[in-house]
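Residue numbers (the working numbering): 27 to 403.
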């Protein structure tokens, strides 16, 4: 009996010893695998970092920096070598607005490391796809004419055959309000209902507003920000045109819309009949067309017209603005904008003209936005 217990006890000790050795071996394996996994994570993070650096370089170069598979960009990141190249697939079908259409950027980042367990040289290849779109910062057109100011900051009058229409001139987009304002008090100023006597005596401006949507849209969130920042940035660029005096130069084209600033008295001469892009009329700016004050004569502009801190907007003759007019203030001033539209001036919402404004801004800012689609190994 005692001998049998001894044999059993020795067997139990041996079994426990084998179990302890097994557990110790598992612990060693877990530690080694954890170390290997941690190193792989570090390498992956460095590959991601390289992809981010690549996008910055693409932006800075305007797309001219383009490492390819046969001639990759090799960068040392915290002691590890990363090899990178990218493929660009354009989503554009060509045409005037191709810059505004998204392209797909597929970045291939490869790195190598020595496995701490086996000592073998291993490779990690990470492929990340992004959609690249040009940034323009032009706000969505809310209406044919938008007043991003308070009711006390403007006066409004319309006469003759002047018309503000929220129906899309291109015929491809839904209608928008003819005019958008911040509050009902501003809406009453547009219709003329703020002066009941004149309103009842024929001072109703409703005949000058047209839209299959609504004549006047009230939006309490209507703001001039961040358009003021966009105007400030554009004004500092070298390839915008400052119009003053007797101007006979270009006003842009459908293929190459421009950005124009009117900050002093200016007169369009030399047979200029049409413009494209963005026009900013600032405080003190006055635009004359062949003897008619402000936007007048037979001039036609396609895009966004901004009146920033401007004192007055007078429309006579037969000018036409396709796109949108935005009225705003970049600072707190007591100046009031007086708007007097007459003759046959026509301001009409146009979603195609909205793209002209976007294209004019994007082509000059030269910045891109990236949205990650997928990442895989």
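Note that the Cβ used here is the ideal one computed from N, Cα and C, for glycine as well.
Could you give the residue range of the beta strand (DSSP E) that holds residue 148?
From DSSP, the beta strand (DSSP E) with residue 148 extends over 147 to 160.
Taking DSSP as the reference, what is the three-state secondary structure of residue 391?
Here residue 391 sits in helix by DSSP.
Starting from the C-beta of residue 236, find all residues in its chain whose C-beta is less than 8 angstroms away, skip the five residues before and the five after it, and write them out in chain order.
Excluding sequence neighbours, residue 236 sits near 189, 190, 191, 192, 193 and 204.
When you compare each of 297, 274 and 266 to residue 286 by their alpha carbons, which one comes out closest?
The shortest C-alpha separation from residue 286 is found at 266.
Run through DSSP, which three-state label would residue 184 get?
Note: residue 184 maps to strand in three-state DSSP.
Report the rounded CA-to-CA distance for residue 70 versus residue 259, giving the unit in angstroms.
Their backbone Cα atoms lie some 38 angstroms apart in a straight line.
Identify, in the order they occur along the chain, each residue of the same chain with its Cβ nearer than 6 angstroms to the Cβ of residue 378, setting aside the five sequence neighbours on each side.
Closer than 6 angstroms at Cβ, skipping near neighbours: 196.
Report the rounded CA-to-CA distance for residue 75 versus residue 152, giving the unit in angstroms.
Answer to the nearest angstrom: the Cα atoms are 11 angstroms apart.
What does the alpha-carbon distance come out to for the pair residue 327 and residue 170?
Distance between the alpha carbons of residue 327 and residue 170: 13 angstroms.
Taking all protein chains shown into account, do 16 or more other C-beta atoms lie within 10 angstroms of the C-beta of residue 143, making it buried, or fewer, making it exposed?
Answer is exposed; the Cβ neighbour count stays below 16.
By alpha-carbon positions, which one of 123, 110, 128 and 108 ends up nearest to residue 117?
If we check each option's Cα against that of residue 117, 128 comes out closest.
What whole-angstrom Cβ distance do residue 356 and residue 254 have, given they're in contact under 8 angstroms?
So it is a contact: roughly 4 angstroms between Cβ atoms.
Excluding five sequence neighbours on each side, which residues of the same chain lie with their C-beta closer than 7 angstroms to the C-beta of residue 147?
Answer for residue 147: 138 and 140, listed in chain order.
Once the 5 residues before and after residue 94 are set aside, which same chain residues still bring their CB inside 6 angstroms of it?
Closer than 6 angstroms at the Cβ level, and outside the excluded window around residue 94, lie 111.
Out of curiosity, what's the CA-to-CA distance linking residue 384 and residue 257?
Whole-angstrom Cα-Cα distance: 13 angstroms.
So the candidates are 98, 101, 84 and 329; which of them puts its Cα closest to the Cα of residue 160?
Looking at the Cα atoms, 84 is the closest of the given residues.
Buried or exposed for residue 234, going by 16 or more other Cβ atoms inside 10 Å?
Residue 234 comes out buried.
Are the beta-carbon atoms of residue 167 and residue 212 separated by less than 7 angstroms?
No, the pair does not count as a contact, with Cβ atoms beyond the cut-off.
From residue 109 to residue 297, what does the alpha carbon distance come to, in whole angstroms?
Each residue's alpha carbon lies about 57 angstroms from the other.
Rounded to a whole number of angstroms, what is the C-alpha to C-alpha distance between residue 403 and residue 72?
One C-alpha to the other measures close to 14 angstroms.
Going straight from the alpha carbon of residue 391 to that of residue 252, what length do you get?
Rounded to whole angstroms, residue 391 to residue 252 spans 15 angstroms at the Cα level.
Out of curiosity, what's the CA-to-CA distance linking residue 288 and residue 294?
Taking the straight line from one Cα to the other gives about 11 angstroms.
Assign residue 247 to one of two classes, buried (16 or more other C-beta atoms within 10 Å of its C-beta) or exposed (fewer than that).
Residue 247 should be labelled exposed.
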